[in-house]
Amino acid sequence: MGTLDSYWETNLELTKSLPELNLYCEEWKIQTRSEEKPPVKFGKHGSSSCSLISNGAIINGEVSRSIISPGVYIEKGAVVKNSIIFNNSIIRSNSIIDKTIVDKEVEIKENCKIGYGDDHTANREKPDLLANGLNIIAKRATIPEGTTMGRNCRVFSYVGKNGFDGKNISSGSTIKSGVGKKIAEGDEKIIEEINV
Numbered sequence: 104m105g106t107l108d109s110y111w112e113t114n115l116e117l118t119k120s121l122p123e124l125n126l127y128c129e130e131w132k133i134q135t136r137s138e139e140k141p142p143v144k145f146g147k148h149g150s151s152s153c154s155l156i157s158n159g160a161i162i163n164g165e166v167s168r169s170i171i172s173p174g175v176y177i178e179k180g181a182v183v184k185n186s187i188i189f190n191n192s193i194i195r196s197n198s199i200i201d202k203t204i205v206d207k208e209v210e211i212k213e214n215c216k217i218g219y220g221d222d223h224t225a226n227r228e229k230p231d232l233l234a235n236g237l238n239i240i241a242k243r244a245t246i247p248e249g250t251t252m253g254r255n256c257r258v259f260s261y262v263g264k265n266g267f268d269g270k271n272i273s274s275g276s277t278i279k280s281g282v283g284k285k286i287a288e289g290d291e292k293i294i295e296e297i298n299v
């Protein structure tokens, strides 16, 4: 059975110059159904290296060794590295995201540091799931401005400002409660299933 670490590692393998699964191999074409979005757009201060960036993304910050999904918006001064950012998520200005899987429609407010420091304390609730420095932020969560989050942390779906007890989240923490984005019709039945 796959793990979050193997999922993260396998995806980031695709950012290598010549990955084992070559997405550009003429003999073995991979066809995917993508959303109809405009091409990726890089602003004046936007840059990327060793990354896969999908249609509809707008990059005004720095992206390295990451996978950016359709509709993601990365503001000026933001840095995303070693991460997977899913559809329609927003990384606000001057936030730094490292070794994190960010689910769909997440908003990380200004001046956050996610995946910060060298403390690799395993997640206290799921040490078998998160012990190698990877963070998980679930669907439609909102990370408040100025939050510093260590490593091996979990943030549940729909968590908002009220779910955070202070601005410093220590390595190995799990954030479960609080009001984030409005729960979409039908989602209330599957929230427990999509929380890691």
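Under the numbering used here, the first residue of the sequence shown carries the number 104, and numbering increases by one thereafter. The beta-carbon is built from N, C-alpha and C at its ideal position, and this holds for glycine as well. A quick note: this is a predicted structure, and the numbers were derived from the prediction, not measured.
is_contact[residue i, chain D] using C-beta, thresh 7 Å
i: Tyr-110; result: No chain D is present in this structure, which holds just one protein chain.
Residue i, buried or exposed, once every other Cβ within 10 Å from all chains shown has been counted against 16
i: Arg-257; result: buried
i: Lys-119; result: exposed
i: Lys-292; result: Unreliable positioning characterises Lys-292 in this predicted model, as indicated by a pLDDT of 48, which lies under 50. The coordinate reading is nonetheless provided below. By the 10 Å Cβ count, Lys-292 comes out exposed.
i: Arg-136; result: exposed
i: Glu-295; result: Bear in mind that the predicted position of Glu-295 carries a pLDDT of just 45, short of 50, making it too unreliable to give a figure here.
i: Gly-266; result: buried
i: Glu-138; result: exposed
i: Lys-279; result: exposed
i: Glu-112; result: exposed
i: Met-104; result: The pLDDT assigned to Met-104 is 43, lower than 50, so where the model puts this residue is not dependable; a value taken from the coordinates is nonetheless given after this. Met-104 comes out exposed.
Assumed close pair residue i, residue j - CB separation to whole angstroms, cut-off 8 Å
i: Ile-239; j: Ile-204; result: 5 Å
i: Ala-234; j: Val-209; result: Not really, about 23 Å apart at Cβ, beyond 8 Å.
Identity of the residue in the options nearest residue i by Cα
i: Gly-174; options: Val-166, Ser-167, Phe-189; result: Phe-189
i: Gly-249; options: Tyr-176, Asn-271, His-148, Ser-167; result: Asn-271
i: Cys-215; options: Met-252, Asp-108, Ile-171, Ser-169; result: Met-252
i: Leu-115; options: Val-183, Ile-211, Lys-212; result: Val-183
i: Ile-170; options: Ile-187, Pro-141, Gly-269; result: Ile-187
i: Asn-185; options: Leu-237, Ala-241, Gly-159, Glu-138; result: Leu-237
i: Arg-168; options: Cys-153, Asn-255, Ile-161; result: Cys-153
i: Gly-218; options: Glu-130, Ile-200, Lys-207, Asp-206; result: Ile-200
i: Asp-222; options: Ser-274, Lys-144, Gly-159, Thr-106; result: Ser-274
i: Pro-141; options: Glu-130, Leu-155, Ala-160; result: Ala-160
i: Leu-107; options: Val-143, Lys-144, Asp-206, Ser-157; result: Asp-206
Bounding residues of the beta strand (DSSP E) (the contiguous stretch that carries residue i)
i: Ser-151; result: 150-152
i: Thr-113; result: Thr-113 -> not in any beta strand (DSSP E); alpha helix (DSSP H) instead, spanning 107-116.
i: Lys-184; result: 182-184
i: Thr-203; result: 203-205
i: Asn-238; result: 238-240
i: Glu-165; result: 165-167
| query | Is the region 191-202 touching the region 221-230, taking contact as three or more C-beta pairs under 8 Å? | reply | Contact between the region 191-202 and the region 221-230 is absent, with fewer than three C-beta pairs closer than 8 Å.
| Counting Cβ pairs, one atom from each stretch, are 3 or more of them under 8 Å apart for the region 177-189 and the region 145-163? | As far as the Cβ criterion goes, the region 177-189 touches the region 145-163, which means the pair count is three or higher.
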